[in-house]
Amino acid sequence: MRTNEVLQAWGKILTGRRPSLSIEITKECPLRCPGCYAFDAAHLGGETELRQLSDFRGDELVKKIVAIVDREKPLHVSLVGGDPLVRYRELETILRELDGRGVYTQVVTSAFRVIPAEWGRFKLLNVVVSIDGLQPEHDERRKPATYERILKNIAEAKVTIHSTITGIIAGRPGYLEEFLRFWSARPQIERVWFSLFTPQAGATGAEILTRAQREFVVKDLLRLRTQYPILEMGESLIHEMLSPPASPRECIFAQTTQTISADLKTKITPCQFGGNPDCSQCGCIASMVLAAVGHHRVAGPLTAGHLFRASAQIGRAWKSTKDAFAGPAPAAPETMTPAFQILQGEVPPSQ
Ligand code: SF4
Ligand code: SF4
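Residue numbers for the sequence shown follow the numbering used here, so the first one is 18 and each next one is one higher.
Structure, rendered in structure tokens:
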């Protein structure tokens, strides 16, 4: 994270807002991936499912998304689904609007459709393509978005490859290295990220990593990051995979990200997974990045996480005071100044 991004994010937290917003812009997806959390019955809390929501399209979708962004004023927006490329015409306009507002935007897709070369003009955009392992495993799980089709669809683009490591591939020596070798050789790939499969509480199955598999993967990633610069994962981030946040309350990512589903009303809690995720087995890269930032010492025993929690409390109190008065916004809390001063002296490491 850059200094100005950290400071801007802290400003949002101190005023009771979440600096990051994730929106499921459609409920549709041409894939049926096993283990997909978006279409899991528990994703929206159990009373309804993603496919049962009414979603939007055309100008209405664009206007509603832009209105949410103008209202929430996030620093970072993730556009997910379903697959956001189902609405590729609307997406193009949304990306233009967000770029014009200086919002960092991420589109997470299976790349079942062409990523247009013209999107390269959006300097704040990161297109993340989800890949489930090497070709045999991936093609089996994610057809029709097969390796062959993805390679064709990203031919003119610049993308990030994100792969979720499951228990099925975690114990196979050399697998991650072969994956990195394959994607390193392609000029369209800017970076590779890995997450570990995160189960719902009480779930069982071969996708869930055992403790031994988790330790093996962490050791492997620490080695591979020095040999494959395309693996853009800091050492401290990788270490966090061994001790994920104990609960959503301890998870800085969950506390700083608001997630909205395809009806553009339903909030997904406690994080993008929805339902009742098992935080003790979390391996989500976004959560690990922010956990690593949270463990960064800013002064003696004081960590950025301590500052975050104190700031979030101040922000909540300030927001409820503001909501109670429902009049002109009071001035920002005085405590903003010391927090910002500390951060300006010591900024969490880049990830
Ligand atoms: S592409 Fe994504 S949203 Fe679609 S089924 Fe697969 S995991 Fe779920
Ligand atoms: S991102 Fe991971 S640690 Fe954070 S709330 Fe979700 S499951 Fe828990």
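Note that beta-carbon positions come from the ideal geometry of N, C-alpha and C, so glycine has one too. These figures come from a predicted structure and were not determined experimentally.
Which value, in whole angstroms, describes the spacing of the CA atoms of residue i and residue j?
i	j	result
Arg-68	Asp-100	12 angstroms
Leu-241	His-312	23 angstroms
Lys-236	Ser-71	44 angstroms
Ala-346	Asn-170	Caution applies to Ala-346, whose pLDDT of 43 falls short of 50 and renders its modelled position unreliable; the model cannot decide the point.
Pro-261	Leu-319	20 angstroms
Glu-224	Ile-186	9 angstroms
Tyr-245	Gln-272	32 angstroms
Cys-46	Gly-300	24 angstroms
Ile-285	Glu-207	30 angstroms
Glu-194	Gly-75	42 angstroms
Cys-296	Lys-140	33 angstroms
Gly-184	Ser-127	21 angstroms
Ile-132	Ala-316	44 angstroms
Asp-149	Ala-58	22 angstroms
Gln-361	Ile-269	Because the pLDDT at Gln-361 is just 32, under 50, the model does not fix this residue reliably, and the point stays unresolved.
Leu-112	Gln-152	30 angstroms
Leu-254	Ala-327	23 angstroms
Ile-82	Ala-229	43 angstroms
Gly-117	Leu-142	11 angstroms
Arg-97	Leu-197	Going by the sequence as given, residue 97 is Val instead of Arg. In a straight line, the C-alpha of Val-97 is about 24 angstroms away from that of Leu-197.
Thr-227	Arg-166	32 angstroms
Glu-398	Glu-89	Only positions 18 to 368 of the chain appear in this structure, which leaves residue 398 out of reach.
Phe-129	Arg-314	42 angstroms
Val-234	Ala-303	17 angstroms
Ala-84	His-256	39 angstroms
Arg-104	His-93	20 angstroms
Pro-287	Arg-266	9 angstroms
Ala-55	Leu-324	32 angstroms
Ser-212	Met-250	10 angstroms
Pro-204	Leu-168	11 angstroms
Which residue marks the beginning of the beta strand (DSSP E) containing residue i, and which one marks its end?
i	result
Asn-143	142–147
Ile-206	206–213
Tyr-121	121–126
Thr-177	176–182
Arg-314	314–316
With 7 angstroms as the threshold, decide whether the Cβ of residue i is near any Cβ in chain D.
i	result
Ile-186	Absent from the structure is chain D; it holds one protein chain and no more.
Starting from residue i, trace the alpha helix (DSSP H) both ways and give me its first and last residue.
i	result
Val-310	302–311
Leu-38	Leu-38 -> not in any alpha helix (DSSP H); beta strand (DSSP E) instead, spanning 37–41.
Ala-59	Unbroken run through Ala-59: none, as it is neither H nor E.
Ala-229	228–244
Ser-201	192–201
Ser-253	252–257
Ile-69	One detail in the question is off: residue 69 reads as Gln in this sequence, not Ile. Taken as a continuous stretch (DSSP letters only), Gln-69 belongs to no alpha helix (DSSP H), as it is neither H nor E.
Ile-111	105–117
Leu-151	Unbroken run through Leu-151: none, as it is neither H nor E.
Ala-271	269–273
Arg-88	75–89
Leu-102	Taken as a continuous stretch (DSSP letters only), Leu-102 belongs to no alpha helix (DSSP H), as it is neither H nor E.
Ile-285	Here Ile-285 belongs to no alpha helix (DSSP H), and DSSP marks it neither H nor E.
Ile-167	164–170
Can you have a look at residue i and say buried or exposed, based on whether 16 or more other CB atoms are within 10 angstroms of its CB?
i	result
Thr-377	Because the chain spans 18 through 368 in this model, residue 377 falls outside it and cannot be assessed.
Pro-91	buried
Leu-108	buried
Ile-182	buried
Leu-239	exposed
Asp-87	exposed
Lys-44	buried
Ser-367	Model confidence at Ser-367 stands at a pLDDT of 35, short of 50, so the residue's coordinates are unreliable; what they give is reported in the following sentence. The residue is exposed, with fewer than 16 neighbouring Cβ atoms inside 10 Å.
Gly-322	buried
Leu-6	In the structure as shown, the chain starts at 18 and stops at 368, and residue 6 therefore has no counterpart that could be examined.
Pro-2	In the structure as shown, the chain begins at 18 and stops at 368. Residue 2 is therefore absent and cannot be evaluated.
Leu-248	buried
Arg-106	exposed
Glu-252	exposed
Arg-231	buried
Pro-190	exposed
Ala-202	exposed
Pro-36	buried
Thr-243	exposed
Leu-78	buried
Ala-218	exposed
contact_flag[the segment 128–136, the segment 174–182] where n(CB pairs < 8 angstroms) is 3 or more: Short answer: they touch.
Cβ contact check for the segment 32–48 and the segment 274–286: 3 or more pairs under 8 angstroms: A contact exists between the segment 32–48 and the segment 274–286.
contact_flag[the segment 302–310, the segment 262–269] where n(CB pairs < 8 angstroms) is 3 or more: Touching, yes.
Cβ contact (3+ pairs, closer than 8 angstroms) linking the segment 48–65 and the segment 143–163: By the Cβ rule, the segment 48–65 counts as touching the segment 143–163, because three or more pairs are nearer than 8 angstroms.
The segment 59–66 touching the segment 289–300, judged by at least three CB pairs closer than 8 angstroms: Yes, the segment 59–66 is in contact with the segment 289–300.
Residues passing the C-beta test against ligand 1 heavy atoms, cut-off 5 angstroms: A distance filter of 5 angstroms between CB atoms and the heavy atoms of ligand 1 selects the following residues in sequence order: Cys-46, Leu-48, Cys-50, Cys-53, Ala-55 and Ser-127.
Check your reading: residues with Cβ closer than 6 angstroms to ligand 3 heavy atoms: This structure lacks ligand 3; its bound ligands are ligand 1 and ligand 2.
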